[in-house]
Amino acid sequence: MRIAVLASGNGSNFEAIADFFQREHVPAEIAFVFSDKKNAFVLKRAEKFAIPTFHFSPKDFANKAAYEAALLTLFQQEKIDLIVLAGYMRIIGGTLLSAFPKKIINIHPSLLPAFPGLHGIKDAYDYGVKVTGVTIHYIDAGVDTGPIIAQVPVCIAPEDSLESLEMKIHQAEHRLYPKVLKEIALSQEIDLGNHWH
Ligand code: GRF
1 MRIAVLASGN GSNFEAIADF FQREHVPAEI AFVFSDKKNA FVLKRAEKFA
51 IPTFHFSPKD FANKAAYEAA LLTLFQQEKI DLIVLAGYMR IIGGTLLSAF
101 PKKIINIHPS LLPAFPGLHG IKDAYDYGVK VTGVTIHYID AGVDTGPIIA
151 QVPVCIAPED SLESLEMKIH QAEHRLYPKV LKEIALSQEI DLGNHWH
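Numbered continuously in full-length UniProt numbering, the sequence shown closes out at residue 197.
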């Protein structure tokens, strides 16, 4: 199974996945990392793993459909089976959704459907919930609304600050995402419906 990771920023989830794939037997490889931001730190992390990188910006295109068509061409050229969003800060549009139904997954730092959107950790912290967590889900046309694949809870202790909660959430993400990808890759091994091969 060939995976494309899409990320806009730091890339700690990408690194956790790449690291796990080096240590464990996973019948999948990260074919490349794509970023819509030229200076995203994730691109530096990918270089460290000798994983190819691509970047271009929606600003280079007439509209979102044209940007996504360019991405789609890249995915087809690279024979990508699964698209993994890891801090990719854009909404996936119809062009990619219809080309990759149930083949685009995302990680979100809350227990969806609670606290969707850009500030899942802070919103949960400010609300005062005692348990939040991490969700991995398929992408659909909504924001953080697609079918849920996996979740883990993270408790918010009375002494937690927003910063300590962020650390706990990221640790939970880094444990969960690689394991879920491994499970998907293992189940794809026997999926004869794989659409490229
Ligand atoms: C993560 O918290 C993820 O849940 C959210 O964006 C953040 C990305 O972090 N979608 P990183 O770039 O992987 O460090």
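The beta carbon of each residue, even a glycine, is placed where N, CA and C say it ideally should be.
From a predicted model like this one, the values you see are computed outputs, not experimental measurements.
Specify the secondary structure class of Ile149 as computed by DSSP and reduced to three states.
The answer is strand: DSSP assigns Ile149 an E or B state.
Can you grab the Cα-Cα spacing for the pair Glu159 / Lys122, in whole Å?
In a straight line, the C-alpha of Glu159 is about 15 Å away from that of Lys122.
Whole angstroms are fine: how far does the CA of Pro101 sit from the CA of Met1?
Looking at the two C-alpha atoms, the distance is approximately 16 Å.
Taking only the alpha-carbon atoms, compute the straight-line gap between Thr135 and Ile3 and give it to the nearest angstrom.
Using only the alpha carbons, I get a separation of about 19 Å.
So, at 7 Å on beta carbons, what are the nonlocal neighbours of Ala185 in its own chain, with the 5 sequence-adjacent residues on each side left out?
Met1, Val26, Pro27, Ala28.
In its own chain, which residues sit with a C-beta less than 6 Å from the C-beta of His55, not counting the 5 before and 5 after it?
Excluding sequence neighbours, His55 sits near Ser35, Lys38.
Thinking just about the alpha-carbon of each residue, which of Glu15, Val152, Ala31, Ala7 is nearest to the one in Leu111?
When only C-alpha atoms are compared, the closest one is Val152.
Entirely within the stretch 72-153 and at least 4 residues each: give me those alpha helix (DSSP H) ranges in chain order.
94-99, 120-127, all fully within the stretch 72-153.
Quick check: does the Cβ of Leu85 come within less than 8 Å of any heavy atom belonging to ligand 1?
Yes, the beta carbon of Leu85 sits closer than 8 Å to at least one heavy atom of ligand 1.
Flag this pair as yes or no: are the beta carbons of Ile149 and Ile92 separated by less than 9 Å?
Result no, Cβ atoms of Ile149 and Ile92 do not sit closer than 9 Å.
Taking 7 Å as the limit between beta carbons, can you name the residues of its chain near Val42, skipping five residues before and five after?
Cβ neighbours of Val42 beyond the five flanking positions: Ala7, Gly9, Asn10, Gly11, Phe14, Val33, Ser35.
Can the beta-carbon of Ala141 be found closer than 9 Å to that of Leu97?
Their beta carbons are under 9 Å apart, which means Ala141 touches Leu97 by this criterion.
Are Tyr125 and Leu165 closer than 9 Å when you measure CB to CB?
Closer than 9 Å, so yes.
If you draw a straight line from the alpha carbon of Gly94 to that of Phe61, how long is it in whole angstroms?
Taking the straight line joining both Cα atoms gives about 16 Å.
State the DSSP-derived secondary structure class of Phe54, mapped to helix, strand or coil.
Strand, per DSSP.
Using the rule of at least 16 other Cβ atoms within 10 Å of the residue's Cβ for burial, across every protein chain shown, is Thr73 buried or exposed?
Flag for Thr73 reads exposed.
Among Pro52, Thr53, Tyr67, whose alpha-carbon lies nearest the alpha-carbon of Lys59?
The shortest C-alpha separation from Lys59 is found at Tyr67.
May I ask whether a heavy atom of ligand 1 can be found less than 8 Å away from the beta carbon of Ser12?
Yes, ligand 1 has a heavy atom inside 8 Å of this Cβ.
Measuring only from the beta carbon, is Val33 closer than 8 Å to any heavy atom that is part of ligand 1?
No.
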